[in-house]
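Read left to right, the sequence shown gives residues 78 to 348 (my numbering). For every residue, glycine included, the Cβ atom is placed at its ideal position computed from N, Cα and C. Because the structure is a prediction, the values reported are computed rather than measured. Note sheet for the following structure.
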Amino acid sequence: MRSKRFVIVYAVAVFLIVFLITFNSVCAIKRFEVYYEIGSATMEAKASEVQAALEDQYLNKSYLFFKKSNVADVVAKESAGYLEVISITKHFPNRITVSVRERYENFAFERDGKYYVVGDDGTVLAVKEENVNNIAGSNIEVKGIAFGEHSVGDMFQVAENYSQAYAALKSFFNELTGQGYRGNVTQIQYGTTGVSDPQYNYSYFYASTVEGVKFWIVKPEQDTLQKVKQLLEQYRELSDAERMEGYIYVGTQGASYSTNVPPELGDYIPE
C-alpha cells in the first residue's frame, strides 16, 4: 500500500516538474517590443541602447515573474531620465509591449551660474553649465523665482511664496506652446515694482523675445490665461517692424502696444 502511494506521489511530482519546465519554456519572454515617442536625435540614439538593455534583462526570462516596475528603472537609467514609460502590456504567453515617450525640456532656472532644466512633466531633467536645449537652441530662461536644492530626477519645487507665480508661469508656457510661439520667447523675469505704496506694488512677468519686443504682464497670478491670450493676440497683429521694438503691456484693461523704449525692470507702469 505504501509502495503504491509512493509511486503515485512520485508520478505526480514528476508530472508537475515536467509541466513547470514545459510551461516555463512556452511562457518565456520571446518578444520585447518598445514603441517610442521621441523628438531629439540624442534620444533616437538612446532608443537602441534602451531596447538592448531591456532585451538583455528580460528576453527568454519567465513571463510569470516579469515585474513591470523594473522596466521603468531600466528606461530611466539608460536615458538619464529623459525617457519615461507610458504603458506596459503583457500579452500571454510570451510577448511584452512597452510605450515610451521623451520628456521635453521647458525652462531653465538659473542660479549660481548653473541652469536647472525642468521638463514638461515638472521634473529636473538636467543641471547644465549653459542654457542649451537638448533638441535645438535654448530653453526659456526664468529669473526671479526662488527655489531650493534639486537633483536630477526630482520634481521641481519653488519657494512657497512663489507657488502662484510658478503656476502662472506654466500656464504662460503652455499657451505659448499651444499657439506656436514657444521659440519666440527667450527669457521671463518675475518681479515686483518695488513701490512703497502697497496699492501700486504689484507683481509682473517681463519677457524678452527673439525679435526684440518685450512682454509686460501685470499681476500674472490673476486671470493668467486671459491675459496671456490677450498678449498673444496683440503680438500676432504686430508687423515685422513693430516686433523689433517697444513692448506689449497687459493690465486690467487688456493688452496694448507701445513703440516706446521698454521700461526697465522694477519700473512702475500705471494700470
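Can you list, in chain order, the residues of its chain whose CB lies under 7 Å from that of residue i, leaving out five sequence neighbours each side?
i, result
"Val-235", "Ile-222, Ala-223, Phe-224, Tyr-243"
"Ala-203", "Val-194, Val-229"
"Glu-132", "Phe-109"
"Glu-126", "Glu-155"
Out of the options, which has the shortest C-alpha to C-alpha gap to residue i?
i, options, result
"Asn-171", "Gln-241, Leu-309, Leu-253, Tyr-135", "Tyr-135"
"Glu-179", "Ser-285, Lys-220, Tyr-159, Asp-150", "Tyr-159"
"Ser-280", "Glu-288, Val-262, Lys-191, Gln-299", "Gln-299"
"Ser-316", "Gly-289, Ala-149, Ile-115", "Gly-289"
"Lys-291", "Glu-314, Glu-126, Tyr-334", "Tyr-334"
"Val-287", "Val-262, Gln-266, Gln-303", "Val-262"
"Lys-220", "Glu-161, Gln-266, Gln-303", "Gln-266"
"Glu-206", "Gly-196, Glu-187, Gln-303", "Glu-187"
"Asp-197", "Lys-247, Asn-238, Gly-323", "Lys-247"
"Phe-282", "Glu-237, Pro-340, Glu-161, Lys-191", "Pro-340"
"Val-201", "Lys-191, Asp-231, Tyr-192", "Asp-231"
Can the beta-carbon of residue i be found less than 9 Å from the beta-carbon of residue j?
i, j, result
"Lys-145", "Ile-165", "yes"
"Thr-301", "Phe-233", "no"
"Thr-336", "Val-295", "no"
"Ser-240", "Gln-264", "no"
"Tyr-332", "Tyr-326", "Looking at the sequence shown, residue 332 is not Tyr but Ala. Yes; because the gap between Cβ atoms is below 9 Å, this pair is in contact."
"Ala-245", "Ile-217", "no"
"Gln-128", "Val-148", "no"
Quick check: the Cα distance between residue i and residue j, rounded to an integer number of angstroms?
i, j, result
"Gly-46", "Lys-306", "Residue 46 lies beyond the stretch modelled for the chain, which goes from 78 to 348, so this question has no answer here."
"Ser-215", "Phe-169", "45 Å"
"Gln-311", "Gly-199", "29 Å"
"Val-338", "Ser-156", "45 Å"
"Trp-293", "Val-152", "41 Å"
"Val-175", "Glu-314", "45 Å"
"Met-321", "Ile-115", "34 Å"
"Asp-189", "Gly-260", "25 Å"
"Gln-303", "Pro-297", "10 Å"
"Glu-182", "His-227", "16 Å"
"Asn-238", "Ala-130", "43 Å"
"Tyr-324", "Asp-150", "47 Å"
"Glu-161", "Thr-270", "41 Å"
Keeping to the same chain, check which residues put their C-beta closer than 8 Å to that of residue i; ignore five residues upstream and five downstream.
i, result
"Lys-107", "Leu-136, Asn-137, Asn-171, Arg-172"
"Phe-143", "Ile-106, Tyr-135, Lys-167, Ile-173"
"Leu-309", "Glu-252, Leu-253, Gln-256, Tyr-258"
"Lys-191", "Val-204, Lys-205, Glu-206"
For residue i, which residues from the same chain have a beta carbon less than 6 Å from its beta carbon, with the 5 sequence-adjacent residues on both sides left out?
i, result
"Tyr-113", "Ala-124, Val-177"
Quick test of the definition: if touching needs 3 or more C-beta pairs under 8 Å, does the region 114–128 touch the region 205–212? Pairwise C-beta distances place the region 114–128 in contact with the region 205–212, as three or more of them are shorter than 8 Å.
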